[in-house]
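> Numbering (my numbering), first residue to last: 8 to 373.
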Ligand SMILES: NC(=O)c1ccc[n+]([C@@H]2O[C@H](COP(=O)([O-])OP(=O)(O)OC[C@H]3O[C@@H](n4cnc5c(N)ncnc54)[C@H](O)[C@@H]3O)[C@@H](O)[C@H]2O)c1
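1. Using CA coordinates, which residue listed in 272, 24 and 66 is at the minimum distance from residue 58?
2. Which residue comes first and which comes last in the beta strand (DSSP E) that contains residue 249?
3. Could you give the DSSP three-state label for residue 93: helix, strand or coil?
4. Following the continuous alpha helix (DSSP H) through residue 104, name the residue where it begins and the one where it ends.
5. Tell me where the alpha helix (DSSP H) around residue 28 begins and ends.
6. Terminal residues of the continuous beta strand (DSSP E) containing residue 120?
7. Return the CA-CA distance between residue 184 and residue 52, expressed in angstroms with no decimal places.
8. Alpha carbon to alpha carbon, what distance is there between residue 311 and residue 253?
9. Does ligand 1 have even one heavy atom less than 7 Å from the beta-carbon of residue 27?
10. Which of helix, strand or coil does DSSP assign to residue 330?
11. Which word fits residue 232, buried or exposed, when buried means at least 16 other C-beta atoms lie within 10 angstroms of its C-beta?
12. If we count Cβ pairs, one from each stretch, closer than 8 Å, do we get three or more for the segment 283-298 versus the segment 215-232?
13. Where does residue 307 fall in DSSP's three states?
14. Can you grab the Cα-Cα spacing for the pair residue 22 / residue 241, in whole Å?
15. Do we get a CB-CB distance below 8 Å when we pair residue 197 with the residues of chain B?
16. What separation, rounded to the nearest whole angstrom, lies between the Cα atoms of residue 345 and residue 303?
17. Under 8 Å by Cβ, that's how I've got residue 291 and residue 220 pegged, so tell me the actual separation to the nearest angstrom.
18. Near residue 27, what residues of its chain come up, given a Cβ to Cβ distance below 6 Å and the 5 sequence neighbours on each side ignored?
19. Taking a contact to mean a Cβ-Cβ separation below 8 Å, would you say residue 180 touches residue 262 in this structure?
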């Protein structure tokens with residue numbers, strides 16, 4: 008993407024930039040001419056996803072002393088905040104982890120931003136803030152009724168941002184992602200986490216021969232084929248939405264909340280059928296019972312982001328999403344060869360290293 012599409016660039020700190028979505032945003036930001044510094048504790052992120060030449064500071068965003076040093080050294084124009092914990096089932100089992108790592112750590116991060124004079128932030132929110140929506144498509148004004156600690160921790164963070172922006176010279180855009188899927192079309196990034204419950208990741212593992220089968224949870228929903236319908240957004244389109252949101256704030260845009268989706272949905276069975284067509288053989292699955300808390304259908308109304316950010320997706324096509332995800336899945340064993348290649352990690356000052364996690368390569372690839 009050209010720098011001209013969204014205007015002039017500056018410097019940005021990307022928290023969680025070694026993760027799935029953050030790494031795609033780093034690529035999009037760099038393609039758009041932004042100077043990027045990644046902050047990540049590598050708790051689920053991977054050094055494989057950090058492009059060569061992009062500085063990485065390893066540490067926790069909730070560590071104010073560490074973040075203050077990063078901000079003092081890098082003096083960014085804005086922060087793009089992806090860092091967080093993302094598993095809904097884990098959030099039910101370990102709610103305090105989610106309130107700490109998503110909400111409390113974000114409070115500390117924003118406090119550190121204010122102290123450093125950083126007045127712009129993009130936040131990774133989620134359709135989980137809507138809970139089980141009664142009306143489709145879901146607009147930003149739909150009722151906010153999260154049904155698990157993950158969704159609540161994200162909604163609490165949105166509210167903290169809103170109150171902070173009302174009381175300080177500080178503006179933000181919270182992007183509510185629907186079902187994020189796919190991989191960088193050039194093969195530079197993708198999802199590396201193991202045991203993902205993300206449908207397209209699981210289906211791609213199946214198509215690439217990396218798992219023997221999968222379970223479809225329920226075929227008795229009131230949908231065309233009885234399986235759940237979701238609005239899948241290609242991760243590279245989502246990455247570009249962050250570039251657009253950042254430029255919007257740089258140009259003086261007001262704080263806002265925006266859905267990120269395509270406004271159309273695909274059923275679980277249609278995803279399996281399409282992935283089978285791409286891989287040339289039917290994919291094996293077993294039929295299971297419904298899971299608690301799975302709405303039959305969740306589809307975004309993306310009008311606001313299209314209008315306010317002039318964002319227009321480039322990969323709004325299930326075939327493209329699946330092809331990129333399957334190609335990435337097939338490339339994973341090759342990527343494992345880069346395990347030792349971590350020349351762009353910026354060593355921490357000794358006193359900060361003591362406060363931060365010890366740098367290590369996350370064992371997501373074997
Ligand atoms: N994946 C999705 O479908 C989806 C949907 C909606 C919202 N989101 C949100 O998008 C963001 C990114 O998700 P993802 O799928 O890329 O997950 P991910 O786990 O791949 O990325 C999260 C990154 O943040 C880092 N991190 C976590 N806690 C940290 C901390 N306290 N300090 C520093 N680094 C930390 C991890 O090491 C990882 O690199 C998350 O905030 C998530 O809630 C994701």
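Glycine residues also receive a C-beta, built at the ideal position from the N, C-alpha and C atoms.
By the coordinates alone:
1. Considering only 272, 24 and 66, the residue with the shortest C-alpha distance to residue 58 is 24.
2. First-last for residue 249: 242-257, but that is the alpha helix (DSSP H), not the beta strand (DSSP E).
3. DSSP places residue 93 in coil when its eight states are reduced to three.
4. Here the alpha helix (DSSP H) through residue 104 covers 102-105.
5. 27-38 is the span of the alpha helix (DSSP H), which, as asked, contains residue 28.
6. From DSSP, residue 120 is part of no beta strand (DSSP E) but of the alpha helix (DSSP H) over 112-122.
7. Taking the straight line joining both Cα atoms gives about 19 Å.
8. Take the alpha-carbon of residue 253 and the one of residue 311: they are about 16 Å apart.
9. Yes; taking the cut-off as 7 Å, the Cβ of residue 27 has a heavy atom of ligand 1 nearer than that.
10. In the three-state scheme derived from DSSP, where H, G and I count as helix and E and B as strand, residue 330 is classed as helix.
11. Burial call: exposed.
12. Output reads yes: the segment 215-232 touches the segment 283-298.
13. Residue state, collapsed to three classes: strand.
14. Taking the straight line from one Cα to the other gives about 20 Å.
15. In the structure shown, chain B does not exist; there is a single protein chain.
16. Unreliable placement is indicated for residue 345, whose pLDDT of 46 sits below 50; the coordinate value is still reported in the next sentence. Answer to the nearest angstrom: the Cα atoms are 41 Å apart.
17. With 8 Å as the limit, residue 291 and residue 220 qualify as a contact, their Cβ atoms being about 5 Å apart.
18. These residues qualify, in order along the chain: 198.
19. Yes, these two residues count as a Cβ contact at 8 Å.
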